[in-house]
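A.B. asks: In our numbering, the protein residues as written are 1033 to 1413.
Dropping a structure here in structure tokens format, bear with me for questions.
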Amino acid sequence: MYDALPNASPLPWSALALPIAAAEDSLARLDERLAKSPIRDGWIARTHFIDASASLWLQGELVHIEDLVLHDAGMDVRTPTHELNRAHTVLRTRRRMLAGAPGWALSPLGLQDLCGRSAGDNATEMPRATQQGRGAANADADDANADASEDRAIAGHDDPRLAQALAAVDAAMAQTDRHLANAAAQYAIERDPLIYDLDWDEAARLSEWQRITAATQSLPPTLAAAIVLAAFDDIAPLQHLPWMGRLLAAALLRARGKTRVHLACLNLGLRAIPREQRRARSGPDRLVAILDAMTAGADAGLKDHDRWLNARAVLARKLDGRRSTSKLPTLIDYVLSRPMVSAGMIAAALGVTPRAALDLVAQLGLRETTGRGRYRAWGVL
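Below, the structure is given as structure tokens:
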């Protein structure tokens, strides 16, 4: 399948044309709806939780959205599980991708920042002797900075303020060099063979995946994202981050301008596709499944948007006659940005007491989701 990029056997356009058109239309329609939506920020914040939970579902793990919301707010009701921590990592990664520039996540620096050591940084595979040489070079740089500091001080001895400012700059530069040297030494620590496969050349695998990504520039954005995701699953460049490929494919859609204001929920869409289609042996069948997942995720996003917009309209009717200083409008926006909220979360977000938060919930008439008398939570449809 990847040999067809870009100058080998052609892609099966007859089988891909309709799924590509459907995915392109659905994603564009959702993005345009969100661009002018009054609940865009709330929709984005809420779907981050939904997609992170779906990511663990695709790996065979069940993470309740309620637990993820409470964990993100630092209000866990029980000790966080390993699966919950992984879901929270997916959640934070989605937020960082959307907060950055459209092409940041796919850039070398973006990949290194998102994946850490797993991004195939050369320092991870650098021999210890090379690291020692780098340390010596940093030491020489410190000496050079010190000499330059002395020269500047001598040149500016007539102006004590200038000399003091130059000395502060030199000290900051020296501290930065030391931090960089310490970071390089930390990355150079040998990996534990009980955790990492030492024969797994992440740098080479990641370079191969980046080559395939670069070769998709002339293809439609949705097809390019599908190929990038399928290639990530086949090459598996990151040992412990198999879910990163789905987020990077969504980031590619944003970088190519197909989704300008949101990050596509590919995990949510893939959850609606049968497993035998997601894991099909045929390359074109897998591409069709991924394209169908984009369509399913975008359609689900549109339905959720309309439902949450109607819920906001219903709640807004209860603001008639309220004071301009009322906290209820802020509470409505906050409730729409989370699958569920607790009294502690409302109190922290609105800057009120837990008792006042309960009163606001009662005035707004939110739906209680736990069925308990204590440690309750509320949400909208």
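All C-beta atoms in this analysis are idealised placements derived from N, C-alpha and C, irrespective of residue type, glycine included.
By DSSP, does A1373 sit in helix, in strand, or in coil?
C.D. replies: One point to set straight first is that residue 1373 is Val, not Ala, in the sequence displayed. Correct three-state label for V1373: strand.
A.B. asks: Suppose contacts are defined by Cβ-Cβ distances below 8 angstroms. Is W1075 in contact with L1066 by that definition?
C.D. replies: Result yes, Cβ atoms of W1075 and L1066 sit closer than 8 angstroms.
A.B. asks: Would you mind sorting V1101 into buried or exposed? The rule is 16 or more other CB atoms within 10 Å of its CB.
C.D. replies: So V1101 ends up on the buried side.
A.B. asks: So G1277 and C1297 are in contact, right, with Cβ under 8 angstroms, and what is the actual spacing, rounded?
C.D. replies: That belief does not hold up - the Cβ atoms of G1277 and C1297 are roughly 15 angstroms apart, past 8 angstroms.
A.B. asks: I'd like to know whether the C-beta atoms of I1097 and I1082 end up nearer to each other than 8 angstroms.
C.D. replies: Yes.
A.B. asks: With C-beta atoms as the reference, is A1258 less than 8 angstroms away from L1323?
C.D. replies: Against a cut-off of 8 angstroms, the Cβ pair of L1323 and A1258 comes out as a contact.
A.B. asks: Alpha carbon to alpha carbon, how far is K1335 from L1341? Give it in angstroms, no decimals.
C.D. replies: The straight-line gap from Cα to Cα measures roughly 10 angstroms.
A.B. asks: Among V1346, A1256, M1107, whose alpha-carbon lies nearest the alpha-carbon of A1375?
C.D. replies: Among V1346, A1256, M1107, the Cα nearest to that of A1375 is on M1107.
A.B. asks: So, helix, strand or coil for W1410, using DSSP?
C.D. replies: It is a strand residue.
A.B. asks: Which one of V1393, T1079, P1112 has the shortest CA to CA distance from G1333?
C.D. replies: Of the listed residues, the one whose Cα sits closest to G1333 is T1079.
A.B. asks: Run the CB neighbour count on G1135, radius 10 Å, all protein chains shown included, and call it buried at 16 or more, exposed below.
C.D. replies: Exposed: under 16 other Cβ atoms inside 10 Å.
A.B. asks: Got a sec? Which residues, its chain only, sit under 7 angstroms from H1103 by beta carbon, not counting five neighbours each side?
C.D. replies: Counting only Cβ-Cβ distances below 7 angstroms, and skipping sequence neighbours, we find P1112, L1116, H1120.
A.B. asks: So, are the CB atoms of R1344 and L1368 less than 8 angstroms apart?
C.D. replies: For R1344 and L1368, yes; Cβs fall inside 8 angstroms.
A.B. asks: Apart from the five residues on each side of it in sequence, which residues of its chain come closer than 6 angstroms, Cβ to Cβ, to M1377?
C.D. replies: Taken in chain order, the residues that qualify are A1105.
A.B. asks: Should A1283 and A1137 be called a contact, given that it needs their Cβ atoms to be closer than 8 angstroms?
C.D. replies: It is a contact, given that the beta carbons lie within the stated cut-off.
A.B. asks: Return helix, strand or coil for R1311, following the three-state DSSP convention.
C.D. replies: Coil at R1311, not helix or strand.
A.B. asks: From which residue to which residue does the alpha helix (DSSP H) around A1281 run?
C.D. replies: Where A1281 is concerned, the enclosing alpha helix (DSSP H) stretches over 1276-1287.
A.B. asks: State the beta-bridge partners of R1399 as determined by DSSP.
C.D. replies: For R1399, which the question treats as bridged, DSSP gives the partners G1411.
A.B. asks: How many Å lie between M1205 and S1314 at the Cα?
C.D. replies: So the alpha carbons of these two residues sit roughly 55 angstroms apart.
A.B. asks: Would you kindly report the start and end of the unbroken alpha helix (DSSP H) that includes I1364?
C.D. replies: Where I1364 is concerned, the enclosing alpha helix (DSSP H) stretches over 1360-1368.
A.B. asks: Assess contact between the region 1259-1269 and the region 1046-1053, defined as three or more Cβ pairs (one per stretch) separated by less than 8 angstroms. Is contact present?
C.D. replies: Taking 8 angstroms as the limit for Cβ pairs, the verdict is that the region 1046-1053 does not touch the region 1259-1269.
A.B. asks: Taking just the CA atoms, how far does D1365 sit from G1132?
C.D. replies: Rounded to the nearest angstrom, the two C-alpha atoms are 23 angstroms apart.
A.B. asks: Out of P1252, R1310, A1348, R1292, point me to the one whose CA is closest to R1061's CA.
C.D. replies: With distances taken between Cα atoms, R1061 lies closest to R1292.
A.B. asks: Going along the chain, which unbroken runs of the beta strand (DSSP E) with 3 or more residues stay wholly within the region 1228-1252?
C.D. replies: If we require 3 residues or more, the region 1228-1252 turns out to have no beta strand (DSSP E) run fully inside it.
A.B. asks: Could you have a look at T1113 and say whether DSSP puts it in helix, strand or coil?
C.D. replies: T1113 falls in the coil class under three-state DSSP.
A.B. asks: Curious, which full-length beta strand (DSSP E) runs of at least 3 residues does the region 1072-1097 contain?
C.D. replies: DSSP runs (the beta strand (DSSP E)) wholly in the region 1072-1097: none.
A.B. asks: Sorted by chain position, which residues of the same chain lie with C-beta nearer than 7 angstroms to H1189's C-beta, five sequence neighbours on each side aside?
C.D. replies: Reliability of the predicted coordinates at H1189 is poor, the pLDDT of 47 falling under 50, and no value is obtained from them.
A.B. asks: Between A1176 and the rest of its own chain, which residues show a CB-CB distance below 6 angstroms, the 5 nearest in sequence each way excluded?
C.D. replies: For A1176, the predicted structure reports a pLDDT of 49, less than 50, and the residue's modelled location is therefore unreliable. The matter cannot be settled from this model.
A.B. asks: What is the C-beta distance between V1384 and K1359, in whole angstroms, given that I count them as a contact (C-beta under 8 angstroms)?
C.D. replies: About 6 angstroms; that satisfies the 8 angstroms criterion.
A.B. asks: Quick one: give me the first and last residue of the alpha helix (DSSP H) that S1058 is part of.
C.D. replies: Residues 1045-1067.
A.B. asks: So that I know if they touch, is there some Cβ in chain C lying closer than 8 angstroms to that of A1246?
C.D. replies: Reference to chain C is not applicable here, since this structure consists of a single protein chain.
A.B. asks: Tell me whether I1305 sits in a helix, a strand or coil according to DSSP, three-state version.
C.D. replies: Coil, per DSSP.
A.B. asks: May I ask you to report which of helix, strand or coil DSSP gives T1385?
C.D. replies: T1385: coil per DSSP, three-state reduction.
A.B. asks: Tell me which residue opens and which closes the alpha helix (DSSP H) that D1145 is part of.
C.D. replies: Note, D1145: alpha helix (DSSP H), 1140-1147.
A.B. asks: Quick check on D1099: buried or exposed, where buried means 16 or more other Cβ atoms within 10 Å of its Cβ?
C.D. replies: With 16 or more Cβ atoms within 10 Å of its Cβ, D1099 is classed as buried.
A.B. asks: With a CB to CB cut of under 7 angstroms and the five nearest residues on each side skipped, what residues in its chain are close to A1086?
C.D. replies: For A1086, where only same-chain residues beyond five positions count, the Cβ hits under 7 angstroms are N1299, L1300, R1303.
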